[in-house]
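A short write-up of the structure that comes next.
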Amino acid sequence: MYGRSSEQFFPIYFDFDQATIRSDQFSTLEHNADYLKNNPSARVVIEGNCDERGTNEYNLALGERRALSAKSYLVEVGIAADRIRTVSFGEERPLFFGQDEFSWAQNRRDDFVLE
């Protein structure tokens, strides 16, 4: 599943109401970082997303924290901060519309989009 990420990247997923990067998502972030390291002119937008639970205002803030978590990791591994932009869509751009844990889990993600 690629979420809405550009084909060079993979999305990362989050636990409910969390912006901390899960341990099982670091290899995906490393893949995304490797692409950026090997393509020094590439710029990326990290799009933070949430499931529908919670208020829109809360989810916009949570999506931003999620995007910033991924940006912080990329900067820590050597990607220049000025090559990374963040945006939050909160609950506004779901991939799945079901009212179940599978759908919600797929919507709690950061997408990585070439700019």
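Position in the sequence shown counted from 1, then plus 18, gives you the numbering used here.
Positions of the beta carbon are idealized from the N, C-alpha and C atoms, including for glycine.
Only a predicted model underlies this, so the values are computations on that prediction, with no experimental measurement involved.
Cβ of residue i within 9 Å of any chain C Cβ
i      : result
SER121 : This model lacks chain C altogether; it includes just one protein chain.
Identity of the residue in the options nearest residue i by Cα
i      : options                        : result
ARG71  : ASP33, GLU133 and LEU132       : ASP33
GLY108 : PHE115, TYR76 and GLU119       : TYR76
CYS68  : LEU132, GLU94 and GLY21        : GLY21
ALA79  : ALA37, GLN43, ASP42 and GLU133 : ALA37
ASP35  : THR73, SER24 and PHE44         : THR73
6 Å Cβ shell around residue i - same chain, five flanking residues per side excluded
i      : result
ARG103 : VAL63
PRO112 : ASN125
PHE27  : ASN50 and PHE130
GLY66  : GLY81, GLU82, ARG84, ALA85, SER106 and ASP128
Cut-off 8 Å between Cβ atoms - residues of its own chain near residue i, not counting five sequence neighbours on either side
i     : result
ILE39 : ILE30, PHE32, LEU47, SER87, ALA88 and TYR91
Same chain, Cβ closer than 7 Å to residue i, five either side skipped, listed in chain order
i      : result
GLU110 : none
ILE123 : The sequence shown places Ala at residue 123, not Ile. Result list for ALA123: TYR31, in chain order.
SER121 : PHE114 and PHE115
SER24  : PHE130, VAL131 and LEU132
SER41  : none
SER45  : none
GLN43  : ILE30 and TYR31
Just checking, does the segment 44–54 make contact with the segment 68–84 on the three C-beta pairs under 8 Å criterion? At 8 Å Cβ cutoff, the stretches do not touch.
With a cut-off of 8 Å, do at least 3 Cβ pairs link the segment 54–63 to the segment 96–107? With the cut-off at 8 Å, the segment 54–63 and the segment 96–107 touch.
Extract the residue ranges of the alpha helix (DSSP H) inside the segment 43–131, only unbroken runs of 4 or more that lie entirely within it. The segment 43–131 contains these whole alpha helix (DSSP H) runs: 44–56, 74–94 and 119–125.
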